[in-house]
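These notes are about the structure you will find just below.
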Amino acid sequence: MKSFKKYLKEVAIKAEEIAIDGKAGEEYLKKELTKVLGPQYVVSVKYSENLAKSIALRIYDINPNNNIAHNSPVFMQFHMFLQTKYGKDIDIDRVSWEQTVGSRKQPNFRKISSTKSVEDANKKLVAWFKKNKSALDELIMTKNESFNVRQDLKRLSKKEIEDRIKKLKKTTFQSSADIDKFQNELEALKVAYSKAKN
12 MKSFKKYLKE VAIKAEEIAI DGKAGEEYLK KELTKVLGPQ YVVSVKYSEN
62 LAKSIALRIY DINPNNNIAH NSPVFMQFHM FLQTKYGKDI DIDRVSWEQT
112 VGSRKQPNFR KISSTKSVED ANKKLVAWFK KNKSALDELI MTKNESFNVR
162 QDLKRLSKKE IEDRIKKLKK TTFQSSADID KFQNELEALK VAYSKAKN
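Remember, the numbering used here sits 11 above the position in the sequence shown when you count from 1.
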């Protein structure tokens with residue numbers, strides 16, 4: 012039977028390994044995802060031992076509406092929990108990344124698991140971002156088009172913009188893509204109206 016002293020030693024070793032892997036994972040993800048996503052994204056990664064050991068990752072664009080990260084169309088939050096809900100350190104060869112915050116417009120994310128190591132799971136997460144970067148870029152582009160006054164709207168008066176908004180609101184939709192176009196056009200008209208002179 013394993014002695015209690017030996018058990019405590021094993022627990023301490025595992026805790027140290029998790030801390031090392033957690034901090035290394037934080038540095039790796041910050042470096043690699045910044046490289047993959049580019050300067051238009053904010054990559055926030057933090058290994059923490061508050062409440063439960065975990066690595067938290069947040070992604071959003073550099074100009075979210077009203078400077079609130081959650082308003083970004085690409086705002087996503089992921090967690091890798093390195094302890095159970097009872098405070099016990101997990102086995103390093105049974106780790107996973109789970110998305111805790113996202114939206115239906117973003118690329119579909121399925122839990123990423125690894126039976127090898129934290130490092131292996133992190134590499135799989137980076138690979139997911141490489142694969143889906145163009146789809147995320149498109150969401151940012153759509154947002155920017157919506158909130159900038161388009162050239163074709165700058166020449167319109169407030170009355171003309173009001174007429175367009177009324178007409179737009181009577182539109183019937185055939186698909187979710189139509190709804191997205193409607194929302195984008197409506198936002199562009201609202202911005203143009205706020206900046207129109209008469």
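From the three backbone atoms N, C-alpha and C, an ideal C-beta is built for every residue, glycine too.
Simplified DSSP assignment, three categories, for residue i
i, result
"D102", "coil"
"Q194", "helix"
"S114", "coil"
"A67", "strand"
"S168", "coil"
"A203", "helix"
"S145", "helix"
"I73", "coil"
"K57", "strand"
Reference residue i; option with closest CA among the options
i, options, result
"E43", "I79, K141 and D104", "K141"
"M87", "I101, K181, W108 and T95", "W108"
"V53", "K165, L40, R69 and N61", "R69"
"L93", "S114, K57, Y71 and V202", "K57"
"I123", "T45, V106 and R115", "V106"
"A207", "L167, E196 and T183", "L167"
"V47", "W139, K96 and E171", "W139"
"K96", "E60, A80, N74 and I73", "E60"
Residues near residue i by beta carbon distance below 8 angstroms, same chain, minus five either side
i, result
"K181", "none"
"L179", "F193, E196, L197 and L200"
"K34", "Y58"
Beta-carbon proximity list for residue i, same chain, < 6 angstroms, skipping 5 on both sides
i, result
"N76", "N82"
"Q110", "F89 and F120"
"P118", "N143 and A146"
"D148", "none"
"D131", "S125"
"Y39", "N133"
"D32", "V129"
"K212", "The structure shown does not extend to residue 212, since the chain is modelled only from 12 to 209, so the question has no answer here."
Pairwise C-alpha distance: residue j and residue i
i, j, result
"G98", "F193", "48 angstroms"
"V85", "K127", "29 angstroms"
"K41", "V202", "35 angstroms"
"A67", "V137", "14 angstroms"
"A199", "S125", "44 angstroms"
"I103", "N195", "45 angstroms"
"E173", "K165", "14 angstroms"
"T183", "R115", "22 angstroms"
"Y71", "S14", "49 angstroms"
"I151", "N133", "24 angstroms"
"M12", "V129", "For M12, the pLDDT reaches just 48, beneath the cut-off of 50, and the residue's location in the model is therefore unreliable, although a value from the coordinates is still provided. Cα to Cα, M12 sits roughly 30 angstroms from V129."
"Y204", "P50", "31 angstroms"
"T45", "L62", "28 angstroms"
"E171", "K177", "10 angstroms"
Cutoff 7 angstroms; reference residue i; Cβ partners in own chain excluding five residues on either side
i, result
"E37", "V56, K57, Y58 and I66"
"G113", "M87 and F120"
Minimum Cβ-Cβ distance from residue i to chain B less than 8 angstroms
i, result
"E171", "Absent here is chain B; the protein component of the structure consists of one chain."
Enumerate, from N- to C-terminal direction, the unbroken beta strand (DSSP E) stretches of 3 or more residues contained entirely within the segment 75-99.
If one requires a minimum length of 3 residues, the beta strand (DSSP E) runs lying completely within the segment 75-99 are 87-92, in chain order.
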